[in-house]
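With numbering that gives the first Met the number 0 applied, the sequence shown has no gaps in its numbers, which climb one by one up to 157 at the end.
Every residue, glycine too, gets a C-beta built ideally from N, C-alpha and C.
Accompanying notes for the structure given below.
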Amino acid sequence: MAVEPSALSALPPRKGPRPATTGREIPHDQLEDFSPPEIRAELIARAQALPGVFMTQSQVSEPSSLALRLDKQDRDFDAFLHPSVDEFGHIHRSGFMHLTVPLESLDTLTELGWVEPHPISRRPEFPSGIVMLYAPRDADELEVATAVMKASYQLAVR
0 MAVEPSALSA
10 LPPRKGPRPA
20 TTGREIPHDQ
30 LEDFSPPEIR
40 AELIARAQAL
50 PGVFMTQSQV
60 SEPSSLALRL
70 DKQDRDFDAF
80 LHPSVDEFGH
90 IHRSGFMHLT
100 VPLESLDTLT
110 ELGWVEPHPI
120 SRRPEFPSGI
130 VMLYAPRDAD
140 ELEVATAVMK
150 ASYQLAVR
């Protein structure tokens, strides 16, 4: 289950152009790319299978987003979306995710075309590793999304 940050740098580049996003301060739309229903359902199933993770309505995003939560404990503040310290990511209706990722992987994931830094991460009170992970469009991209989600999970539970 462990995903080393170096393993994220071995991911393949994402095919095609980056999705157009709304450009709002908090991106909630991918205007061109989205997960087919069966891919999103599998992404949700894989998130639910992570030890200790439970899913509810997001407390930090739009209500239709499914939060990836852990029981509140004394955990690394920089591994979570805020204001909570139990939600380390969420899955939007279109299949894209907001997650925290290891900072050492952020540049590589961005260069490979899988993520864009979340604009809120520019604020000093928010973690620098919050990203938007583009929606997986097929089984291969689902594997990449799963690897990044597991790295985020590991950051949250360490």
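{"Query": "Going by the beta-carbon positions, is the gap between F79 and A155 smaller than 8 Å?", "Result": "yes"}
{"Query": "Does F95 pass the burial test, meaning 16 or more other C-beta atoms within 10 Å, or should it be called exposed?", "Result": "buried"}
{"Query": "Taking the beta strand (DSSP E) that L19 belongs to, which residues open and close that run?", "Result": "Looking at the sequence provided, one finds Ala at residue 19 rather than Leu. No beta strand (DSSP E) holds A19; DSSP gives it neither H nor E."}
{"Query": "What did DSSP end up calling P12 once you bin it into helix, strand or coil?", "Result": "coil"}
{"Query": "Can you tell me whether D70 is helix, strand or coil according to DSSP?", "Result": "coil"}
{"Query": "What residue range is occupied by the uninterrupted alpha helix (DSSP H) comprising V130?", "Result": "Not the alpha helix (DSSP H): V130 falls in the beta strand (DSSP E), residues I129 to L132."}
{"Query": "In this structure, does DSSP put E86 in helix, strand or coil?", "Result": "strand"}
{"Query": "In angstroms, rounded to a whole number, what distance separates the CA positions of E86 and G15?", "Result": "30 Å"}
{"Query": "Can you tell me whether L102 is buried or exposed? The criterion is at least 16 other CB atoms within 10 Å of its CB, across all chains shown.", "Result": "exposed"}
{"Query": "Please report how far the alpha carbon of I129 lies from the alpha carbon of A44, in whole angstroms.", "Result": "22 Å"}
{"Query": "Can the beta-carbon of L42 be found less than 8 Å from the beta-carbon of V52?", "Result": "no"}
{"Query": "Can you look up E61 in the DSSP assignment and give me helix, strand or coil?", "Result": "coil"}
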